[in-house]
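Colleague:
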Amino acid sequence: MTYLDGKNVTLEKHDLAKDAPTRAQLEAWITEKNLDAALNKRSPKYKELGLGQRKLTKREAIDLMMTDVNLLRRPVVVKGRTVVFGYDEEAYDGVTGS
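Note that our numbering has the sequence shown beginning at 64, numbered continuously upward.
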């Protein structure tokens, strides 16, 4: 992540397509408040299932992400209890204190 590389931040990188997050990780990362941000609305599966037409619960979203990791918006940046889904420089600055 080039933006964070220039911020003197140590990153632990994972290819989520090859090493999908566990249910426990998703449970820790996703809340009812950030659920919408966690969903990858550009995913073909999101469109195929018509997920834009319904309001998913956290449990439903995680169940779907466990079957198709592409429903999880990436990148996922985690620092302590703070999680940022997707590329968002302003949010990254808030997480890194930059």
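Glycine is no exception: its CB is placed at the ideal position from the N, C-alpha and C atoms.
Model, not experiment: these values are computed from the prediction.
Use the C-beta contact count for Y155: other C-beta atoms within 10 angstroms, 16 or more gives buried, fewer gives exposed.
Modeller: buried
Colleague: Hey, how far is the Cα of E75 from the Cα of G115?
Modeller: 32 Å
Colleague: Taking K142 as part of the beta strand (DSSP E), name the residues at either end of that continuous run.
Modeller: Note, K142: beta strand (DSSP E), V139 to K142.
Colleague: Within the continuous alpha helix (DSSP H) that includes V158, where are the two ends?
Modeller: E152 to T159
Colleague: Per DSSP, what kind of secondary structure is V72 in: helix, strand or coil?
Modeller: Here V72 sits in coil by DSSP.
Colleague: Helix, strand or coil for L189, going by three-state DSSP, please let me know.
Modeller: The structure shown does not extend to residue 189, since the chain is modelled only from 64 to 161, so the question has no answer here.
Colleague: Which parts of the stretch 108–148 are runs of the beta strand (DSSP E), unbroken and 3 residues or longer, counting only runs that do not cross its ends?
Modeller: 139–142 and 145–148
Colleague: Excluding the five sequence neighbours on either side, which residues of its own chain have a C-beta within less than 8 Å of the C-beta of L67, listed in chain order?
Modeller: Excluding positions up to five away in sequence, the list reads L74, V140, Y155 and T159.
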